[in-house]
Structure formats: C-alpha cells, structure tokens
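Chemist: Okay, here's the structure, questions in a sec.
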Amino acid sequence: MAAEIRLSELAAGKAAVIRSFPKSGSGFLRLREMGLLPGTTVTLVRVAPLGDPIEIKLRGYLLTLRKSEAEHIGVEPAP
Amino acid sequence: MKSESTAPVFAIVGNPNCGKSTLFNALTGLKQKVGNYPGVTVEKKQGTAYSQHGLPLTVIDLPGAYSLAARSPDEAVTRDVLLGRRADTPTPDRIICLVDATNLERNLYLVHQVMDLGRPVILALNMMDLVEASGMTIRIGRLQTALGIPVIPCEAVNGKGLIELKLAMSRTDLPLPRHAWDVPGAIAAAVAELQASLALNDGKSPLSARAEALLLLTDQDSIRVAGSTPLSARTAEILATWKKRWEAEGMDWAGTLVNSRYEAIGRLAAEVVQPGAASGPTVSDRIDSVVTHPLWGWLILGVVMTLIFVSIFTLAEYPMDWIGNGVSALAGWVKGALAPGDLRDLLTDGAIQGVGTIVTFLPQILILFFFIGLLENTGYMARAAFIMDRMMSRVGLNGRSFIPLLSSYACAIPGIMATRTIEDPKDRLTTILVAPLMSCSARLPVYLLMIAAMMPGNLVPLATKVGLMLFMYAIGTFGAFGFAWLFKRTLLKGAPPLMIMELPPYRLPGLKDVAMHMVQRAGLFLKRAGTVILGISIILWFLSTYPKSPATATQTQQVEHSFAGRAGHAIEPLIKPIGFDWRIGIGLISSFAAREVFVSSTAVVFSVENFDATNDHADIAPLRVALRHARWPDGRALFTPLVCLTLMIYYVFAMQCMSTIAVVRRETNSWRWPIFQTLYMTGAAWIFSFIIYQVGTAIGF
C-alpha cells in the first residue's frame, strides 16, 4: 500500500483514491455530496496558472477546489 | 389554495448546467413569467405547457441545485418550494428531474433526495446525443424498473424526446418512485423518530416529514434546514439526543448518509450504465488545455474581454444615439402639442428625460447581458473564475466575482445583476458594494471634459489624455479591491472562503436561450428599477424648476434661483475644502441622475449657449472656454488643473448614479445597503478629494 499523501500534493495527471476525509464543515459535506467520498478515484487534471485552485476529475466530471481544502483530504496515489 | 388554476403543477429540478432552462423554454415556449422570489434575489420562472390533450400544465423552473442540503440562496429556494414551505409558490404536484446523462452518478444524487419527497417523479435523461457519441450506453428499461418511475431519454436542445416527456406529463396515474434505498441501520431509528415528531409537533405533512428528517441530519445548521420557523422543542430535543449519542460513538452521521446514497447510486449505475471504450481526451479536455494554459489562458481571457468591451462601445453607440434622438424628438413633439406650462415641463423635462436616461443605457446593458449569458452558456465563465480565483482570493473574494466586476467597467448595473452566480451571500454583497467603483462608461464624458479644461491648449496631447484616463481607471480598480479587502475583514467577515465549483463541459451556446435570458433580465431591470429611477428624475426636475423665476430670466438665472441652485449654495461650505464652488455643487446634485449629466448641467450653469447636451459628440470647446474663465468671487480661477484633477477623483469614487442605487436596492432587498454604499463611496470621494486638493494647494499648485 502506497503512503497516504494530501490531495493538494498530488502531481498533475496522477490518479489517486480518497482515503481520509474531514467529518465536519459544510464545505466538506458539499464535497461529499458532489461525490468525493472515501474510496472514490480522482485524477488531478491541472493546477490553475497562478498555483491555486486545483482541478480534479471524478465520476466523469471536473471539479475545482482550493488547495486549502484539498490539504485536508488524504489520498493514496494509484500505482 | 388558489381557485384560479386547477392545472397540475410540475417543477423542473436538476443540477446546474444540465439544460434545465433549455427544457423549460422548449416546454413553455414564450408562455412564461419571470420575476423574483419575494425576499430573496433568486429568479422565479413559471410557465404554462400543454398536455397531449391540450390541458394546461403549470411548470416551474427551479434554480439549479446539487443537493437539497442547500448552500446558496438558489438551492434554498429549490428546497423550500419542493418542501412546500414557500407561500408565494404552489407546492409542485409532480416533479420532473432533469439529469445530464453523461454524468449520471453525480446527477442522480439530487434525484435520490427528490425521490424521498413522496411525490410522483419523471426522470428525464438529457444530452443523450453526447452519451451516444461517447460510446456509452444507458439501459433505460432497467433504470425505469429499478426506480419505478417513467424514464425519458431526450435532447432538450433540439426537442428530441419532448413528445414522450409531454405524454408522461399528461398521465394521471404517475407512479410514486420505488426507493431502492434503505437508510443505514445506525441512523434509521433516528430518522423514524424525527419523522414522527416532525409530523406530530411541527405540522409537517406526513409525505415530506421523512425528507425533512433526512435533511435535518445532513446539515450542521438545523435552523437553516427548518426554514424560518424554528423546530419544535420536542423535535429539537430528539435531534440533540441523537447527535450527542453519535458524537460519543464517534459516528459521522452526515457522512454516513451521503455515503449510503452514493453506494445505492453506484450499484444502480453499475447495473444500467455500460461505459464506452476508454477513449483519449475529449474535445472539452483539449479546449481546456489551451484555455487554462499558463500562457494562452491569459491571452484568451484578454482577447475575450477586449472583444466584449469593443463591441459594447462600438455597437451600443448607434442604438444609444437613436434612442437619445428619439427621446429628444418625443420631448419636442410633446412641447409642441401641449400648451406651455408646468405639466408640459413635468412631462418633457421630468418624465421623458427620466425614461430617456434609463432607456439610453439599455443597449449597453442588453449587450453585456448577452455576453454574460454566452459566457455562462458555453462554460467559459467557470474557466475565467478558475484562472482568476487566486487573484480574487487576495482580497477575500473568489473567482466568481471577476466577471461581475469586469462588466462594471461598462456599466455597474449588469455587473451587479450578474453577481447572482456568487453562492456565498457575503461575497456577493461585497462584490455588489464595490462594483460601482470600477469606472463605468458614464464617467468618460466627465473625465474628458475635465482633461480638456485642465490643459491650456486647444489640443490635449494624446499621451496625456490616455495617461490620465488610465490613471482614473487604475484608481477605481485599486479602490474597488481595497474596499473589498476592507469589507471582507470587517463588516462582512465570514467563514473561510470556499471555492467548490464544477467546470462544465464546453457546449455550443443555445442562442435562443441566451437571447431569451437577455431580454428577461433587461425586462426585470426596467420593471424593477424603472419606477425608482423615474421617481428620482421627477424629483430632480422639480428641484431645478421650482421656485419659478420671472419669465425674463435666462436659463442660468432660473437654475441659480431654483431649489437645486440653493442646494448648491447650501452645500458650498461642505465642498469648498475640496476646491468646489456652488456651481460645481449644482453639477454634483444634478448628475446624481447619471454621471454624464454633469456635462450638460455645467453647460447650463456656466451659461454656454446652444449646448447640445443630447449629442455625445457635442463640441465641448465653448464649454471648456467658459470653464476656464470661471472665477471665484475674489477673482481666483475656479477650474485650476488641481481642481479638475480633484473633480475627476471625486467622480471615481462618488456614488453618482440613481440607477445603480435602484438596482442595489432590488438585489439586496433593503434600503440599508444602497444607503450604506452611497455614504461610503461619497465619503471616500470627499476624503480623497480633500487630501489631493489640500496637499496640492499646500505644495503650490
């Protein structure tokens, strides 16, 4: 099993599986409702030209969130 | 219930960007009514469709939502209408869930919640053409069996599947959804208990009590979920007890609920969706790699914005001239047709002028709405927000504030109306408050006049003109960001900003939808702001007309003698420290109608004969000469270069636009914010002007 890293640390173009997710905060509830759940595979598509926010692909669609949120989400990079 | 209509009420529900408006337009044609939900600034769209038997059906297009656990005013309206909480909107009898079939899983999350509402649901799968193109297949029959409701594949853009949808809507025996979902065991007991209590103690209908109970558990803020009426003591107690117990057990109940819905959806999707062969990057991906590219992205953003501004300034000029001439012609005709008198003047100089002010700006506003609609419709808007987010976050805003602020360079009105896409109410309010600081096109004539009056020769060197102009734009922009920063740190301090945004796939714009939206928004502006603007115009006319001077008085004497003239005198002590006399004071007061009125009213006050104020290209040379010869009573020149510069700075900051005030009043639903905005902007204008004038005088200018 690969070591768990932060979603914000994932390299562009790499896929990873969500492992840990904060329990509280309405923003994180919304991220869950958008389908970002433990076990979901996400791909980091790109980082915005100024370094923030990031764009990820999950369940066939594109979502953007700031690094300050992505920092709280633990992922396991796909081999 | 209202007796006027017995037509069944359908609500269209779906995620943003799933094609809801297109479907709504296709179903109702032009038979729609667009307005606002009272108390909130969310667009209310209702229309009439006809069943296969020709019976009328009421259709409500609810705002796009990702979940019933609302996070924005838009989503709150959708939730409240569906739960029958809004007295101003009939509770929908049936619900049409529209989903983007290319993205079934996430779209089904909302459908899953809607199926809990205990009402018949029709599921319409939009964008089936794109599903086919991607090689994916969806087994409609299986989906229909699994959910127990009609499932209708369609393509809203070209009307495919519309007949089948209308057939389903015409059915009187629409089934209730069969829910293939069990609330997870650990929570089920709590849901049952809350459901019973909500029905018993909170007067919720037994049908929606279960949905209300589930919502209470997914949202941290129970008051927000329950709406304006607080929960009954009994229900609140049950909720608190359960939460305490779960907290002790370390259980994440909200997360568990969301997970279990997604698990159910995942099982369903695995059964009905056959993914196409994994192909390379899609067209959307390829466009994105250019549009959000570190170099090309900025270039494209620059080109798009330049294109918009050039077309606003070049295209809008013609209709604005026509309208200006038309208004003058109408005023002239009324002048000829009616006997001279106060009533005639009220009509021509008050009412017609006032309406003229509103209508003259309409072409600009329409064009801007058109482009904003186009940017939203194609998906580019989200990309611009994505690129700009970092910069906007420096002052505590997010990327979505970018387009509204940028639009305000042309006119603050569409800019402010475009803030509706900003989810966070505090971010939205901050954007509204600072938007009018972006130098709009109505300030240009004032800047130009002052630059002309400032320079000694007849011809102002182009470089100086452009330089000064850019300087004004820069000050306004820095001012807007500075105040945004200030407001987000003090008055409108909120939770740490979040930026969770979908980047929808690029689509060809539906020009018909964009055009309809443009007309509807402009109509809203006219209807909502028109009355306020008309009222203020008439007041301003009254102030400059009464009390009447003898008939022999010149126009200049009349103005001096009027209430406006007296007000100019009255405010002189206030504006003397910034270098203005009472005559400039009259200009400030009258240009409250719209900034560019300063030029024409100055012409009257400084007795420039035959000044054609209706013509934008009027020769300002005589006015410039008159200004240069204007003197204080002690013989000092009035319009020194320093005063001209101070006046420009004053116009950068001061809230001199009744139309904007009227729109802010409508968009914030109270007089509190427009009054605050007027005070802070005009206060800042005075303070900055004071500093410039006093420092300038002290160092010898």
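Protein chains in written order, with the working numbering: chain D, 1 to 79; chain V, 1001 to 1701. Quick reminder that beta carbons are idealized off the backbone N, C-alpha and C, glycines included. Here the structure is a predicted model, which means the values were calculated and not measured.
1) In chain order, what residues of the region 1386-1397 of chain V put their CB closer than 8 Å to some CB of chain D?
2) Determine the contact status of I1538 of chain V and G1696 of chain V, defining contact as a CB-CB distance below 9 Å.
3) Is it the case that the Cβ atoms of L1433 of chain V and Y1680 of chain V are separated by a distance below 9 Å?
4) Give me the Cα-Cα distance between C1097 of chain V and M1469 of chain V, rounded to the nearest whole angstrom.
5) Is it the case that the CB of A1463 of chain V approaches a heavy atom of the ligand NAD more closely than 8 Å?
6) Can you find the residues in the same chain that come closer than 6 Å, C-beta to C-beta, to K1204 of chain V, ignoring five residues on each side of it along the sequence?
7) Using a Cβ cut-off of 9 Å (strictly closer), state whether A48 of chain D contacts chain V.
8) Kindly indicate if chain V contains any beta-carbon less than 9 Å away from that of P14 of chain D.
9) What residue range is occupied by the uninterrupted beta strand (DSSP E) comprising L1448 of chain V?
10) Among V:A1480, V:W1686, V:T1292, which residue has its Cα nearest to the Cα of G1579 of chain V?
11) Along the region 1104-1124 of chain V, what residues have a CB closer than 7 Å to any CB found in chain D?
12) Going by C-alpha distance, which of V:T1431, V:V1466, V:P1504 is nearest F1483 of chain V?
13) Just to confirm before moving on: does the CB-CB distance between V1663 of chain V and F1525 of chain V stay below 9 Å?
14) Once you ignore the five residues that flank V1111 of chain V on each side, which residues in its own chain have a CB closer than 6 Å to its CB?
15) Closest by CA to P1547 of chain V, which one among V:R1631, V:D1342, V:S1590, V:V1643?
16) Does I5 of chain D come within less than 9 Å of chain V when only Cβ atoms are used?
17) Okay, do the region 1122-1133 of chain V and the region 1013-1025 of chain V touch, 3+ Cβ pairs below 8 Å being the bar?
18) Does the distance from the CB of K1160 of chain V to the CB of Y1050 of chain V come in under 9 Å?
19) Going along the chain, which unbroken runs of the beta strand (DSSP E) with 3 or more residues stay wholly within the region 1071-1132 of chain V?
20) Taking DSSP's pairing of strands, which residues face E99 of chain D in a bridge?
21) Quick check on M1501 of chain V - is its C-beta less than 9 Å from some C-beta in chain D?
22) Applying the 10 Å Cβ sphere with the 16-neighbour rule, what's the burial state of R1428 of chain V?
23) For A1592 of chain V, collect the residues of the same chain with a Cβ closer than 8 Å to its Cβ; drop the 5 residues on either side in sequence, then sort them by chain order.
24) Is the CB-CB distance between R66 of chain D and E55 of chain D below 9 Å?
25) With DSSP run on the structure shown, which of helix, strand or coil describes T1556 of chain V?
26) With distance defined between alpha-carbon atoms, name the residue in D:L10, D:E33, D:V75 nearest to Q1113 of chain V.
27) Is M1501 of chain V helix, strand or coil when you go by DSSP?
28) Using 8 Å as the threshold, is the region 1413-1420 of chain V in touch with the region 1570-1584 of chain V, meaning 3 or more CB pairs across them?
29) What residue from V:G1635, V:T1058, V:P1090 has the CA that sits closest to S1170 of chain V's CA?
30) With C-beta atoms as the reference, is R1595 of chain V less than 9 Å away from C1440 of chain V?
31) Buried or exposed: which applies to S1689 of chain V, given that a residue is buried once 16 or more other Cβ atoms fall within 10 Å of its Cβ?
32) Which residues in the same chain as T1028 of chain V place their Cβ atom closer than 7 Å to its Cβ, once the five residues preceding and following it in sequence are excluded?
33) Mind checking the region 1251-1282 of chain V against chain D and listing, in chain order, the residues whose C-beta falls within less than 7 Å of any C-beta there?
34) Does any residue of chain V bring its CB to less than 9 Å from the CB of V45 of chain D?
35) List the residues that DSSP assigns as beta-bridge partners of T1145 of chain V.
36) Which residues in the same chain as P1445 of chain V place their Cβ atom closer than 6 Å to its Cβ, once the five residues preceding and following it in sequence are excluded?
Modeler: So, from the data block:
1) Within the region 1386-1397 of chain V, contact with chain D at the beta-carbon level (separation under 8 Å) is assigned to F1386, I1387, D1389, R1390, M1391, S1393.
2) Contact: no.
3) yes
4) 52 Å
5) Absence of the ligand NAD is noted for the structure shown, with no ligands found whatsoever.
6) L1198, E1212
7) yes
8) The sequence given here has Lys at residue 14 of chain D, not Pro. Taking Cβ atoms only, chain V never reaches closer than 9 Å to K14 of chain D, which makes this a no.
9) Taken as a continuous stretch (DSSP letters only), L1448 of chain V belongs to no beta strand (DSSP E), being part of the alpha helix (DSSP H) at 1444-1454.
10) V:W1686
11) E1105, R1106, Y1109
12) V:T1431
13) In contact: V1663 of chain V and F1525 of chain V (Cβ atoms closer than 9 Å).
14) C1097
15) V:D1342
16) So, not an interface residue.
17) The region 1122-1133 of chain V vs the region 1013-1025 of chain V: in contact.
18) no
19) Segments of the beta strand (DSSP E) lying fully in the region 1071-1132 of chain V: 1094-1100, 1121-1126.
20) There is no way to answer for residue 99 of chain D, as the model of chain D reaches only from 1 to 79.
21) Interface criterion met: the Cβ of M1501 of chain V is under 9 Å from a Cβ in chain D.
22) buried
23) In the sequence as displayed, the identity of residue 1592 of chain V is Phe instead of Ala. Correct list, in chain order: I1536, L1540, Q1656, C1657, M1658.
24) no
25) helix
26) D:E33
27) Taken through DSSP and simplified to helix, strand or coil, M1501 of chain V comes out as strand.
28) no
29) V:T1058
30) For R1595 of chain V and C1440 of chain V, yes; Cβs fall inside 9 Å.
31) buried
32) G1047, T1048, A1049, V1059
33) D1252, A1254, G1255, V1258, N1259, Y1262
34) yes
35) In the DSSP output, where bridge partners are listed per residue, T1145 of chain V has none listed.
36) E1596, V1599
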